[in-house]
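Structure first, commentary second.
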Amino acid sequence: MAEETKKVEPELVPAPEKDIAEEKEVVPEPEVKTDDSKALVVTEKVADTADEKEVSTEKHAMLERLETEKRMSLITAWEENEKAKVENKNCKKLAALSSLEVQKKASLEAELKKMEEELEKKKAECAEKIKNKIAALHKETEQKRAMLEVKKGQDLIKAEELAKKYREKGLAPKKLGFFGV
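The following block contains the structure:
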């Protein structure tokens with residue numbers, strides 16, 4: 408857009424110079440004649456006056472064109488300036504918006520990471536609790552096994568003692584456990 412303004416202004420400046428050059432070509436400079444004839448002098452003055460009026464109207468029209476071109480050039484420059492302001496303002500807002508987005512995104516990612524760490528910590532705590540429960544279950548099971556082994560041992564000793572008694576007395580037991588006799 409600024410390039411257009413630069414292009415427009417150089418075009419406007421040479422144009423008036425061409426008009427002035429054309430004007431100089433159109434209006435011939437009066438030659439000074441040393442004729443003493445009054446008729447020629449009067450005729451020349453009338454011709455000069457008509458030429459001056461024509462030159463004056465041409466100058467006036469040219470000045471009007473120059474003023475119009477100058478006004479249009481100023482309007483174009485103002486328009487380009489306003490467009491540049493709008494573009495700059497828009498760029499600033501976009502940059503601020505992008506910055507805000509990056510900032511909030513970083514904040515949310517940090518929050519997510521914190522949540523993940525908390526979940527990992529809770530997971531580790533739960534895993535530890537489960538391991539402790541498994542260890543307690545294993546310990547309890549081992550205790551029950553040990554008690555069963557002790558009871559088994561006691562029952563075996565009791566069975567051996569009863570078998571010894573029955574052998575000493577020579578009597579048979581009243582019940583046989585697996586035969587049902």
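The numbering of the sequence shown is our numbering, which starts it at 408 and goes up by one.
Glycine included, C-beta positions come from ideal geometry on N, C-alpha and C.
Per the coordinates, the alpha-carbon of N539 lies some 27 angstroms from the alpha-carbon of K521. Contact between Y573 and A579 holds, with the beta-carbon distance rounding to 7 angstroms and staying under 8 angstroms. Rounded to whole angstroms, the gap between the alpha carbons of V462 and M469 is 10 angstroms. In its chain, beyond the 5 residues on either side, no residue has a beta carbon closer than 7 angstroms to the beta carbon of A542.
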